[in-house]
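Just so you know, we're using the UniProt record's numbering here: the sequence shown kicks off at 1 and counts up by one. Structure record follows, encoded as structure tokens.
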Amino acid sequence: MLILLPPSEGKTAPAAGEPADHNDLWLPKLATARKRVLTRLVALSKRTSARAVAESLGTLGLSDGQRGELERNAALLTAPAAPAAQVYSGVLYEALDHATLPDDARGWVDERAVVFSGLWGVVRLTDRIPAYRCSAGVALPVIGGLTPYWKNSLTRALPQDDLVLDLRSGAYAAMWTPGSSSLALRVLHERVVDGVPKRSVVSHFNKATKGRMVRALAQAGVTPRTVDELIVALRDLKWTVEERPVAAGRPRQADVIVREL
Numbered sequence: 001m002l003i004l005l006p007p008s009e010g011k012t013a014p015a016a017g018e019p020a021d022h023n024d025l026w027l028p029k030l031a032t033a034r035k036r037v038l039t040r041l042v043a044l045s046k047r048t049s050a051r052a053v054a055e056s057l058g059t060l061g062l063s064d065g066q067r068g069e070l071e072r073n074a075a076l077l078t079a080p081a082a083p084a085a086q087v088y089s090g091v092l093y094e095a096l097d098h099a100t101l102p103d104d105a106r107g108w109v110d111e112r113a114v115v116f117s118g119l120w121g122v123v124r125l126t127d128r129i130p131a132y133r134c135s136a137g138v139a140l141p142v143i144g145g146l147t148p149y150w151k152n153s154l155t156r157a158l159p160q161d162d163l164v165l166d167l168r169s170g171a172y173a174a175m176w177t178p179g180s181s182s183l184a185l186r187v188l189h190e191r192v193v194d195g196v197p198k199r200s201v202v203s204h205f206n207k208a209t210k211g212r213m214v215r216a217l218a219q220a221g222v223t224p225r226t227v228d229e230l231i232v233a234l235r236d237l238k239w240t241v242e243e244r245p246v247a248a249g250r251p252r253q254a255d256v257i258v259r260e261l
């Protein structure tokens, strides 16, 4: 089983260590594609004229107060790297709390979880990467939009027949479409308003719930072989899972209903 995770904007820059080697990351057949994005991102971020800096900030969706992100990107070739589980530090990863998992649970999640990235395409939690800023929605000079760029490469590199738990959304979900043996989950918060149940997506708690869900699956050490078995495993762990109808042969979809945040 593969568990597909989004990255986080929040990242903890490693204080020391050797730089990342794009040849050593999961799926080495992506090395050339990774090097191309890395080279273009560094070049974009190294520009120094006022006009060029403004253009670079705009390309990466950054504000003028985030110039430090350009400096970080400019140094990516020599920046210290650490396991992705330590670098990604957003809400989902705080809830997953990888470092405090027992050894067997940590091994379970390390074997199954992969993170989609605008810079790297996809990495495992154990892959060594530096902190960076480059979302999948970015369009880099020469390369163009990273979502279609990676979709082309990942379609050839990733397995189509594996059981997949898909916790991505937006541009990261568009980077690769798994096969029919997959379950895409979204998290809905249910509350009663004037006696009527109302459901909505709350971004912060959506991410936190997904992190807690992966942690619970890892601690339970579940080994589902089908989407139906995966849904049963989630329900056994006390998650409220409701399937949504999809066309035959399409990836399956479900909502996880959370009533307490």
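Where a beta carbon is used, it is the ideal one built from N, C-alpha and C, also for glycine.
Looking at C-alpha atoms only, which residue of the options is the closest neighbour of residue i?
i      : options                           : result
ASP110 : SER135, ARG225 and ALA84          : ALA84
PHE116 : LEU5, THR48 and LYS238            : LEU5
LEU96  : LEU41, ALA208, VAL37 and GLU260   : ALA208
ALA99  : THR126, THR223, ASN73 and ARG34   : THR126
LEU237 : GLY249, GLU243, VAL222 and THR226 : VAL222
GLY144 : ARG212, THR59 and ARG244          : THR59
PRO178 : ALA113, LEU158, ARG244 and LEU217 : LEU158
HIS204 : ALA79, LEU57 and LEU92            : LEU92
GLN219 : ALA105, LYS29 and GLU94           : ALA105
ARG40  : GLN66, GLN160 and LEU70           : LEU70
VAL187 : ARG199, SER181, GLY195 and TRP176 : ARG199
GLY107 : ARG215, ASP228 and LEU25          : ARG215
Using the three-state DSSP reduction, which class does residue i fall into: helix, strand or coil?
i      : result
SER117 : strand
ILE143 : coil
THR240 : strand
ARG199 : strand
GLN253 : strand
LEU234 : helix
ALA157 : helix
ALA184 : strand
ASP194 : coil
ASP162 : coil
VAL214 : helix
LEU2   : strand
VAL258 : strand
In its own chain, which residues sit with a C-beta less than 7 Å from the C-beta of residue i, not counting the 5 before and 5 after it?
i      : result
VAL246 : ARG252 and GLN253
THR12  : GLN86, VAL87, SER89 and ALA131
ILE129 : ALA20, ALA81, ALA84, VAL87, TRP120 and VAL123
HIS22  : ALA31, ARG34, LYS35 and LEU38
GLY118 : CYS134, SER135, ALA136, VAL138 and LEU146
THR240 : VAL256 and ILE257
When burial is assigned at 16 or more other CB atoms within 10 Å of the CB, is residue i buried or exposed?
i      : result
LYS210 : buried
GLU18  : exposed
ARG51  : exposed
SER77  : According to the sequence provided, residue 77 is Leu. The question's Ser does not apply to it. When all chains shown are included, LEU77 counts as exposed.
ARG168 : buried
SER45  : buried
ARG225 : exposed
VAL192 : exposed
Taking 6 Å as the limit between beta carbons, can you name the residues of its chain near residue i, skipping five residues before and five after?
i      : result
LEU165 : ILE3 and LEU183
ARG259 : GLU190
Given residue i, which residues of its chain have a CB within under 8 Å of its CB, disregarding the five upstream and five downstream residues?
i      : result
GLU55  : ARG47
ALA174 : ALA136, THR147 and LYS151
With a threshold of 8 Å between beta-carbons, can residue i be considered close to chain C, or not?
i      : result
GLY211 : Among the chains in the structure shown there is no chain C, since it carries only a single protein chain.
Runs of beta strand (DSSP E) lying entirely within the region 64-141, each at least 3 residues, in chain order: Restricted to the region 64-141, the beta strand (DSSP E) segments that are unbroken, complete and at least 3 residues in length are 113-117 and 121-124, listed in chain order.
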